[in-house]
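Our numbering applies: residue 569 is where the sequence shown begins, and numbers increase by one. Just so it is clear, CB atoms sit at the ideal spot from N, CA and C, and this is done for glycine as well. Nothing here was measured: the structure is a model prediction, and the numbers come from that model. Note sheet for the following structure.
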Amino acid sequence: MNKPLILVVEDDNSVKNLITTTLKAHDYRYLTAPNGATAILEASSHNPDIVLLDLGLPDIDGVEVIKKIRTWSNMPIIVISARSEDTDKIDALDAGADDYLTKPFSVEELLARLRVTQRRLNMIQNETAAEASVFTNGQLRIDYAAGCAYLGDDELHLTPIEYKLLCLLSRNIGKVLTHTFITQNIWGSSWDNDIASLRVFMATLRKKLEKDADSPQYIQTHIGVGYRMMKVE
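Dropping the structure here:
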């Protein structure tokens, strides 16, 4: 099994080098970001498994980065910060951080926190894998194993791209998926023409999925951000 992909958000080169050297020595895959804006871009583009986040960034406070990521993803975020006051920890955890490590920290403690987070990720993935391979949401049913989708008793005749889009949205039900995240997952890139293609495919998927185009039940558009599959009773 591949080690998780970790996004390291840190503007202090000495701390960043300590973290990345540790990750490399233990065969973790990683990306780095020197500021909040880059962190948000990398998180939306690459959907890392874990984020290691400094709060004292040069452009955006780390708490704001947490809040931004939480608008579309539940990826685990471990804060690594020199701020040791309880109020700072509470602010970060309330914003959506999963763990808080205070600088200076030991390499052993960092690795221990990563192992705990990884075990939690594996548990979630195993639970998901153990679930039935059929997804149901209202009248929509997707048989992942068979590669088929149905609306009520009728099979949806989808193109391969439409089916991939539907599966991506369904596997992230309730989460807003950014244009960048979707295009990276569907086409492996995120150029302007990919986003234009996404709008076209999303429109054709909706025609097949939504009974009333003016009042969509399943796919919600977040203008300028992306799309979300809504839970239907």
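**Prompt:** Does DSSP classify Ala713 as helix, strand or coil?
**Reply:** coil
**Prompt:** Which residue's Cα is closest to the Cα of Lys775: Gly794, Ile637, Ala605, Leu734?
**Reply:** Leu734
**Residues bridged to Gly794 (per DSSP)** = Thr746, His790
**Asked** If you count every other CB in all the chains shown that lies within 10 Å of the CB of Glu677, and 16 or more means buried, which is it?
**Response** exposed
**Prompt:** So Val647 and Leu669 are in contact, right, with Cβ under 8 Å, and what is the actual spacing, rounded?
**Reply:** 7 Å
**Asked** Near Tyr712, what residues of its chain come up, given a Cβ to Cβ distance below 8 Å and the 5 sequence neighbours on each side ignored?
**Response** Ser701, Val702, Phe703, Cys735
**Message:** According to DSSP, Phe703 sits in a beta bridge with which residue or residues?
**Reply:** Ile710
**Item:** Reference Tyr596, options Asn603, Asn581, Ile587, closest by Cα
**Value:** Ile587
**Message:** Relative to the C-alpha of Ser582, which candidate in Ile608, Asp622, Thr748 has its C-alpha closest?
**Reply:** Asp622
**Asked** Looking at the structure shown, is Leu609 part of a helix, part of a strand, or coil, going by DSSP?
**Response** helix
**Identified DSSP bridge partners for Ser649** = Thr670
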